[in-house]
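Residues in the sequence shown are numbered consecutively from 1, following UniProt numbering.
Positions of the beta carbon are idealized from the N, C-alpha and C atoms, including for glycine.
Note that the coordinates shown come from a computational prediction; the quantities given were computed from them, not determined experimentally.
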Amino acid sequence: MSVPDDREPATITPYRDGPLVVRGDFRLVDADGVEFDPGRDVVALCRCGKSGLKPFCDGSHKRTGFSAPSAPRSDRPSQRLAALESDLGED
């Protein structure tokens, strides 16, 4: 999917024990592949399965005790490269 110059590409952030937050330029389609407009550039998508507004989050995860991790933390490529060079003795 190409992104118009004035739009940011989509990012999806899983929040700990909560929704997936989607930001940027994205398309949302139903199970039949029919696109619908959520009316905004940022949406929270349900991960707990209990929302009354599916596919959107309505906060039900808080009442149901839903548990899921947030996005994994990872080093930036430059940090990984520096660590590798250090391990190889190339300081």
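From the DSSP output, which residues share a beta bridge with residue i?
i, result
"Arg-23", "Thr-11, Val-42"
"Glu-35", "Val-29"
"Phe-56", "Leu-45"
Comparing alpha-carbon positions, which option in the options lies nearest residue i?
i, options, result
"Gly-49", "Leu-81, Val-34, Gly-65, Asp-32", "Gly-65"
"Pro-9", "Asp-37, Val-42, Lys-62, Phe-26", "Phe-26"
"Phe-56", "Asp-37, Leu-84, Ala-71, Gly-89", "Asp-37"
"Val-42", "Arg-16, Glu-85, Thr-11, Leu-84", "Thr-11"
"Thr-13", "Pro-69, Asp-6, Asp-30", "Pro-69"
Quick check on residue i: buried or exposed, where buried means 16 or more other Cβ atoms within 10 Å of its Cβ?
i, result
"Ser-67", "exposed"
"Pro-19", "buried"
"Ala-44", "buried"
So what's residue i in DSSP terms, helix, strand or just coil?
i, result
"Arg-63", "helix"
"Ala-68", "coil"
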